[in-house]
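Structure first, commentary second.
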Amino acid sequence: MSDILTREDIRKEENIVYKKTPLLTDKALSYCPGCGHGTAHRITMEVLEEMDAQDKVIGIAPVGCSVLAYEFMNIDMQQAAHGRAPALATAVKRLFPEKYVFTYQGDGDLAAIGTAETIHACNRGENITIIFINNGIYGMTGGQMAPTTLPNMKASTCPYGRDVEIMGNPLRMTELVAQLPGTYFVTRHSVHTPGAVRKAKKAIRKAFENQHLNKGVSFIEIVSNCNSGWKMTPVQSNKWMEENMFPYYPMGDIKVDGQLIVK
(Lines of atoms letter the chains of each structure in order from A and count residues from 1; the text may use other names and numbers.)
(Lines give C-alpha, C1' and ligand atoms only; values in the text may rest on other atoms or scores of the structure.)
Protein backbone atom coordinates (compact mmCIF):
# COMPACT_ATOMS: atom_id res chain seq x y z
CA MET A 1 0.00 0.00 0.00
CA SER A 2 1.35 3.42 -0.90
CA ASP A 3 2.26 5.82 1.89
CA ILE A 4 1.40 8.79 -0.33
CA LEU A 5 -1.68 10.67 0.88
CA THR A 6 -4.46 11.09 -1.66
CA ARG A 7 -6.41 14.32 -2.02
CA GLU A 8 -9.30 12.62 -0.24
CA ASP A 9 -7.03 11.70 2.68
CA ILE A 10 -5.80 15.27 2.92
CA ARG A 11 -9.36 16.59 2.74
CA LYS A 12 -10.41 14.30 5.61
CA GLU A 13 -7.47 15.45 7.73
CA GLU A 14 -8.30 19.10 7.06
CA ASN A 15 -11.91 18.53 8.13
CA ILE A 16 -11.00 17.04 11.51
CA VAL A 17 -11.96 19.47 14.27
CA TYR A 18 -11.26 17.18 17.21
CA LYS A 19 -9.58 13.87 17.93
CA LYS A 20 -8.68 12.11 21.15
CA THR A 21 -5.31 12.96 22.61
CA PRO A 22 -2.82 10.06 22.58
CA LEU A 23 -2.19 10.80 26.26
CA LEU A 24 -5.49 9.05 27.00
CA THR A 25 -5.39 5.27 26.69
CA ASP A 26 -8.02 3.28 24.81
CA LYS A 27 -9.34 1.69 28.00
CA ALA A 28 -13.02 2.43 28.66
CA LEU A 29 -13.51 4.89 31.50
CA SER A 30 -14.96 3.43 34.68
CA TYR A 31 -16.89 6.60 35.51
CA CYS A 32 -20.67 6.83 35.41
CA PRO A 33 -22.06 8.27 32.15
CA GLY A 34 -22.44 12.04 32.54
CA CYS A 35 -19.76 12.39 35.22
CA GLY A 36 -17.28 15.25 34.92
CA HIS A 37 -14.22 13.09 35.62
CA GLY A 38 -13.86 12.02 32.00
CA THR A 39 -13.79 15.59 30.74
CA ALA A 40 -11.36 16.63 33.48
CA HIS A 41 -9.08 13.74 32.48
CA ARG A 42 -9.26 14.75 28.83
CA ILE A 43 -8.38 18.41 29.23
CA THR A 44 -5.54 17.61 31.64
CA MET A 45 -4.01 15.23 29.13
CA GLU A 46 -4.61 17.66 26.25
CA VAL A 47 -2.68 20.35 28.14
CA LEU A 48 0.25 18.00 28.73
CA GLU A 49 0.22 16.95 25.06
CA GLU A 50 0.23 20.59 23.94
CA MET A 51 3.14 21.27 26.29
CA ASP A 52 4.99 18.22 24.90
CA ALA A 53 5.24 16.96 28.48
CA GLN A 54 4.28 13.28 28.15
CA ASP A 55 7.78 12.17 29.14
CA LYS A 56 8.24 15.01 31.63
CA VAL A 57 5.28 14.45 33.98
CA ILE A 58 4.38 12.17 36.87
CA GLY A 59 0.78 11.99 38.05
CA ILE A 60 -0.45 10.79 41.44
CA ALA A 61 -3.65 8.75 41.48
CA PRO A 62 -5.63 8.75 44.75
CA VAL A 63 -8.27 6.48 46.25
CA GLY A 64 -11.86 7.19 45.23
CA CYS A 65 -13.65 7.35 41.90
CA SER A 66 -10.38 8.22 40.14
CA VAL A 67 -8.46 5.36 41.77
CA LEU A 68 -7.86 3.85 38.32
CA ALA A 69 -6.72 7.09 36.69
CA TYR A 70 -3.39 5.43 35.90
CA GLU A 71 -5.24 3.11 33.52
CA PHE A 72 -6.64 6.04 31.54
CA MET A 73 -3.74 8.49 31.49
CA ASN A 74 -0.90 7.46 29.19
CA ILE A 75 1.83 8.97 31.37
CA ASP A 76 3.98 7.87 34.31
CA MET A 77 1.79 7.59 37.40
CA GLN A 78 1.97 6.41 40.98
CA GLN A 79 -0.77 5.24 43.34
CA ALA A 80 -1.09 6.94 46.73
CA ALA A 81 -2.78 5.67 49.85
CA HIS A 82 -6.12 7.34 50.63
CA GLY A 83 -5.54 11.07 51.14
CA ARG A 84 -1.76 10.91 50.87
CA ALA A 85 -1.35 12.14 47.30
CA PRO A 86 0.13 15.56 48.25
CA ALA A 87 2.70 13.85 50.48
CA LEU A 88 3.67 11.45 47.70
CA ALA A 89 3.76 14.32 45.19
CA THR A 90 6.08 16.20 47.55
CA ALA A 91 8.51 13.29 47.59
CA VAL A 92 8.35 12.77 43.83
CA LYS A 93 8.92 16.45 43.06
CA ARG A 94 11.86 16.70 45.45
CA LEU A 95 13.44 13.61 43.93
CA PHE A 96 12.71 14.69 40.34
CA PRO A 97 12.54 18.52 40.41
CA GLU A 98 12.73 18.64 36.60
CA LYS A 99 9.40 16.77 36.26
CA TYR A 100 5.90 18.18 36.21
CA VAL A 101 4.10 16.56 39.17
CA PHE A 102 0.37 16.68 39.79
CA THR A 103 -2.24 15.07 42.01
CA TYR A 104 -5.77 14.33 40.85
CA GLN A 105 -8.08 14.00 43.87
CA GLY A 106 -11.74 13.91 44.83
CA ASP A 107 -13.27 15.74 47.79
CA GLY A 108 -13.44 12.67 50.04
CA ASP A 109 -9.76 12.06 49.40
CA LEU A 110 -8.43 15.61 49.50
CA ALA A 111 -10.76 17.29 52.00
CA ALA A 112 -11.43 14.45 54.48
CA ILE A 113 -8.79 11.81 55.12
CA GLY A 114 -6.20 13.90 53.25
CA THR A 115 -6.89 17.28 54.86
CA ALA A 116 -3.56 17.38 56.73
CA GLU A 117 -1.50 16.39 53.68
CA THR A 118 -3.28 18.99 51.56
CA ILE A 119 -2.92 21.83 54.05
CA HIS A 120 0.73 21.20 54.84
CA ALA A 121 1.80 20.72 51.20
CA CYS A 122 0.08 24.00 50.35
CA ASN A 123 1.55 25.76 53.36
CA ARG A 124 5.07 24.59 52.49
CA GLY A 125 4.62 25.79 48.92
CA GLU A 126 5.62 22.52 47.28
CA ASN A 127 6.13 23.11 43.57
CA ILE A 128 3.26 20.85 42.45
CA THR A 129 -0.14 21.08 40.79
CA ILE A 130 -3.25 19.87 42.62
CA ILE A 131 -6.41 19.12 40.64
CA PHE A 132 -9.37 18.79 43.02
CA ILE A 133 -12.70 17.33 41.86
CA ASN A 134 -15.55 18.45 44.14
CA ASN A 135 -18.90 16.70 43.66
CA GLY A 136 -20.10 17.15 47.22
CA ILE A 137 -20.33 13.44 48.02
CA TYR A 138 -18.41 10.18 48.35
CA GLY A 139 -19.14 8.90 44.86
CA MET A 140 -17.29 5.58 44.87
CA THR A 141 -18.19 4.08 48.22
CA GLY A 142 -21.95 4.53 48.37
CA GLY A 143 -22.83 8.22 48.36
CA GLN A 144 -21.93 9.12 51.94
CA MET A 145 -21.79 12.71 53.19
CA ALA A 146 -18.46 14.36 52.39
CA PRO A 147 -16.83 17.47 53.91
CA THR A 148 -18.16 19.34 50.86
CA THR A 149 -21.79 18.14 51.10
CA LEU A 150 -24.06 21.20 51.12
CA PRO A 151 -26.40 22.16 53.98
CA ASN A 152 -29.62 20.13 53.72
CA MET A 153 -28.15 18.08 50.85
CA LYS A 154 -29.09 14.41 51.15
CA ALA A 155 -26.56 11.58 51.20
CA SER A 156 -26.63 7.96 52.31
CA THR A 157 -25.32 8.90 55.77
CA CYS A 158 -27.59 11.96 56.09
CA PRO A 159 -30.78 10.79 54.32
CA TYR A 160 -32.75 13.78 55.65
CA GLY A 161 -30.08 16.25 54.56
CA ARG A 162 -26.95 17.69 56.15
CA ASP A 163 -27.86 19.33 59.46
CA VAL A 164 -25.12 21.88 60.08
CA GLU A 165 -25.93 22.08 63.80
CA ILE A 166 -25.01 18.41 64.17
CA MET A 167 -22.73 17.74 61.20
CA GLY A 168 -21.00 21.08 60.78
CA ASN A 169 -20.64 23.29 57.75
CA PRO A 170 -19.30 22.29 54.32
CA LEU A 171 -15.57 22.84 53.93
CA ARG A 172 -14.48 25.34 51.28
CA MET A 173 -11.03 23.89 50.72
CA THR A 174 -10.13 26.21 47.86
CA GLU A 175 -10.76 29.39 49.88
CA LEU A 176 -8.90 27.79 52.79
CA VAL A 177 -5.70 26.94 50.89
CA ALA A 178 -5.75 30.34 49.17
CA GLN A 179 -4.91 31.90 52.55
CA LEU A 180 -1.69 29.91 52.84
CA PRO A 181 1.61 31.54 51.80
CA GLY A 182 2.74 28.56 49.70
CA THR A 183 -0.12 28.75 47.19
CA TYR A 184 0.52 30.81 44.07
CA PHE A 185 -2.54 30.16 41.90
CA VAL A 186 -5.91 29.06 43.31
CA THR A 187 -9.01 28.87 41.16
CA ARG A 188 -12.37 27.12 40.79
CA HIS A 189 -14.03 25.92 37.59
CA SER A 190 -16.46 23.38 36.15
CA VAL A 191 -16.58 21.23 33.02
CA HIS A 192 -20.30 20.93 32.29
CA THR A 193 -20.47 23.24 29.25
CA PRO A 194 -18.07 23.92 26.34
CA GLY A 195 -17.33 27.40 27.67
CA ALA A 196 -16.61 26.08 31.15
CA VAL A 197 -14.33 23.40 29.71
CA ARG A 198 -12.26 26.02 27.87
CA LYS A 199 -11.82 28.06 31.06
CA ALA A 200 -10.88 24.99 33.11
CA LYS A 201 -8.36 23.88 30.51
CA LYS A 202 -6.78 27.34 30.45
CA ALA A 203 -6.45 27.22 34.25
CA ILE A 204 -4.80 23.79 34.15
CA ARG A 205 -2.35 25.04 31.53
CA LYS A 206 -1.52 28.04 33.72
CA ALA A 207 -0.98 25.73 36.70
CA PHE A 208 1.62 23.64 34.87
CA GLU A 209 3.31 26.76 33.50
CA ASN A 210 3.56 28.09 37.06
CA GLN A 211 5.20 24.84 38.10
CA HIS A 212 7.75 25.22 35.31
CA LEU A 213 8.59 28.62 36.80
CA ASN A 214 8.94 27.12 40.30
CA LYS A 215 6.15 29.23 41.78
CA GLY A 216 4.80 26.80 44.40
CA VAL A 217 1.38 25.20 44.61
CA SER A 218 -1.23 25.75 41.92
CA PHE A 219 -4.62 24.48 43.12
CA ILE A 220 -7.47 23.96 40.65
CA GLU A 221 -10.88 22.96 41.98
CA ILE A 222 -13.37 21.56 39.47
CA VAL A 223 -16.94 21.47 40.74
CA SER A 224 -18.56 18.43 39.17
CA ASN A 225 -21.82 16.54 39.26
CA CYS A 226 -22.37 13.03 40.64
CA ASN A 227 -25.56 11.99 38.92
CA SER A 228 -25.51 8.46 40.35
CA GLY A 229 -24.75 9.61 43.90
CA TRP A 230 -27.26 12.42 43.67
CA LYS A 231 -29.87 10.03 42.17
CA MET A 232 -30.44 12.19 39.09
CA THR A 233 -30.01 12.02 35.35
CA PRO A 234 -26.89 13.75 33.98
CA VAL A 235 -28.99 16.66 32.71
CA GLN A 236 -30.80 17.03 36.03
CA SER A 237 -27.55 16.83 37.98
CA ASN A 238 -25.92 19.58 35.92
CA LYS A 239 -28.93 21.84 36.49
CA TRP A 240 -28.91 21.03 40.21
CA MET A 241 -25.18 21.76 40.33
CA GLU A 242 -25.67 25.18 38.75
CA GLU A 243 -28.53 26.05 41.10
CA ASN A 244 -27.06 24.68 44.34
CA MET A 245 -23.33 23.97 44.14
CA PHE A 246 -22.24 27.12 42.29
CA PRO A 247 -23.73 29.60 44.82
CA TYR A 248 -21.79 27.90 47.63
CA TYR A 249 -18.71 27.19 45.52
CA PRO A 250 -18.56 30.18 43.11
CA MET A 251 -16.55 29.94 39.91
CA GLY A 252 -13.44 32.00 39.24
CA ASP A 253 -9.94 32.86 40.43
CA ILE A 254 -9.33 33.25 44.15
CA LYS A 255 -5.56 33.81 44.13
CA VAL A 256 -3.41 34.79 41.15
CA ASP A 257 0.35 35.29 41.11
CA GLY A 258 0.42 34.87 44.87
CA GLN A 259 -2.15 37.63 45.46
CA LEU A 260 -5.68 37.11 46.80
CA ILE A 261 -8.42 38.43 44.54
CA VAL A 262 -10.67 40.91 46.33
CA LYS A 263 -14.30 40.48 45.27
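Counting from 156, one number per residue, gives the positions in the sequence shown under the working numbering. Positions of the beta carbon are idealized from the N, C-alpha and C atoms, including for glycine. Remember, predicted model here, so these are calculated numbers, not experimental data.
Review point. Whose CA, out of Lys386, Ile321, Gln366 and Ala246, lies closest to the CA of Leu203?
Key: As a first step, residue 203 is located in the sequence shown; it is residue number 48 there, counting from the start. The candidate whose alpha carbon is nearest that of Leu203 is Gln366.
Exercise for review: Work out the CA separation of Pro336 and Ala373 for me, nearest whole Å.
Suggested key: On the sequence shown, residue 373 is found 218 positions in, with the first residue counted as 1. On the sequence shown, residue 336 is found 181 positions in, with the first residue counted as 1. It is Ser, not Ala, that sits at residue 373 in the sequence shown. One C-alpha to the other measures close to 12 Å.
**Study point:** Closest by C-alpha distance to Val212, when choosing among Ser311, Thr342 and Thr284
**Key:** To locate residue 212, count along the sequence shown from 1; it is residue 57. Selected option, being the one with the closest Cα: Thr284.
Check your understanding: Skipping 5 residues on each side, what residues in its chain have a beta carbon closer than 6 Å to that of Pro389?
Key -> The count along the sequence shown starts at 1 and reaches residue 389 at position 234. Answer for Pro389: Gly189 and Asn382, listed in chain order.
Point to revise | Which listed residue (Ile274, Lys356 and Leu368) has its alpha carbon closest to that of Lys332 | key: Counting from 1 along the sequence shown, the entry for residue 332 is found at position 177. For the record, residue 332 in the displayed sequence is Val; it is not Lys. Nearest of Ile274, Lys356 and Leu368 to Val332, Cα basis: Ile274.
Check your understanding: For Gly291, which of Gly371, Ala358, Asp207 and Ile377 has the nearest alpha-carbon?
Key -> The sequence position of residue 291 within the sequence shown is 136, counting from 1. Taking only the C-alpha atoms, the option nearest Gly291 is Ile377.
Check your understanding: For Pro402, which residues from the same chain have a beta carbon less than 7 Å from its beta carbon, with the 5 sequence-adjacent residues on both sides left out?
Key -> Start at 1 with the first residue of the sequence shown, and residue 402 comes out as number 247. Closer than 7 Å at Cβ, skipping near neighbours: no residue.
**Study point:** Contact belief for Thr303 with Ile409 at Cβ below 8 Å, rounded distance in angstroms
**Key:** Here residue 303 corresponds to residue number 148 of the sequence shown, with the count starting at 1. Here residue 409 corresponds to residue number 254 of the sequence shown, with the count starting at 1. With a Cβ gap of about 16 Å, Thr303 and Ile409 do not count as contacting.
Review point. Are the segment 234-245 and the segment 258-268 touching, with three or more C-beta to C-beta distances below 8 Å?
Key: yes
Check your understanding: By the 10 Å Cβ neighbour count, where 16 or more other Cβ atoms means buried, how is Ser345 classified, buried or exposed?
Key -> In the sequence shown, the residue the question calls residue 345 occupies position 190. Ser345 comes out buried.
Point to revise | Completely contained beta strand (DSSP E) runs for the segment 325-371, where each covers 3 or more residues | key: 338-345
Practice item. Enumerate in chain order the residues of its own chain whose CB-to-CB distance from Gly193 is below 8 Å, with the five nearest sequence positions on each side excluded. Key: Reading the sequence shown from its first residue, position 38 is the one you call residue 193. Hits under 8 Å: Leu184 and Tyr186.
Check your understanding: Since Asn424 and Asn282 are thought to touch, with beta carbons under 8 Å apart, how far apart are those beta carbons, to the nearest angstrom?
Key -> Nothing can be reported for residue 424: it is not among the residues displayed for the chain, which extend from 156 to 418.
Check your understanding: Going by Cα to Cα distance, which pick from Met322, Thr338 and Glu253 is closest to Cys277?
Key -> Residue 277 sits at position 122 when you count from the first residue of the sequence shown. The shortest C-alpha separation from Cys277 is found at Thr338.
Exercise for review: Return helix, strand or coil for Ala320, following the three-state DSSP convention.
Suggested key: Here residue 320 refers to the residue found at position 165 when the sequence shown is read from its first residue. This sequence places Glu at residue 320; Ala is not what is there. Residue state, collapsed to three classes: helix.
Review point. Short check: CB of Val263 to CB of Tyr225, under 7 Å?
Key: Locating residue 263 in the sequence shown gives position 108, counting from the first residue. Locating residue 225 in the sequence shown gives position 70, counting from the first residue. The question names Val, but residue 263 in the sequence shown is Gly. No, they are not a contact pair.
**Study point:** Pick from Pro306, Gly407, Gly297 and Leu178 that is closest to Val319, judged by C-alpha positions
**Key:** Here residue 319 refers to the residue found at position 164 when the sequence shown is read from its first residue. With distances taken between Cα atoms, Val319 lies closest to Pro306.
**Study point:** Minimum length 4: unbroken alpha helix (DSSP H) runs contained in the segment 212-278
**Key:** 224-227 and 240-250
Point to revise | C-alpha distance - Thr296 paired with Ile198, whole-angstrom precision | key: On the sequence shown, residue 296 is found 141 positions in, with the first residue counted as 1. On the sequence shown, residue 198 is found 43 positions in, with the first residue counted as 1. So the alpha carbons of these two residues sit roughly 26 Å apart.
Check your understanding: Alpha carbon to alpha carbon, how far is Thr258 from Pro314?
Key -> If you number the sequence shown from 1, residue 258 lands on position 103. If you number the sequence shown from 1, residue 314 lands on position 159. Cα-Cα distance, rounded: 31 Å.
Exercise for review: Within its chain, find whatever has a CB closer than 7 Å to the CB of Lys354; leave out the 5 residues flanking it on each side and keep chain order.
Suggested key: Residue mapping note: residue 354 aligns to position 199 of the sequence shown, counting from 1. His344, listed in sequence order.
Exercise for review: For Val417, count neighbouring C-beta atoms within 10 Å of its own C-beta (all shown protein chains included) and say buried if the count is 16 or more, exposed if not.
Suggested key: Counted from its first residue, the sequence shown places residue 417 at position 262. By the 10 Å Cβ count, Val417 comes out exposed.
Check your understanding: Under the rule that 16 or more other beta-carbon atoms within 10 Å means buried, what is Phe340, buried or exposed?
Key -> Here residue 340 is taken as the residue at index 185 of the sequence shown, counted from 1. Buried, by the Cβ-count rule.
Practice item. Between the Cα of Phe363 and those of Tyr173, Thr176 and Gly214, spot the shortest distance and give me the residue it belongs to. Key: Stepping through the sequence shown from its first residue, residue 363 is reached at position 208. Closest option to Phe363, Cα to Cα, is Gly214.
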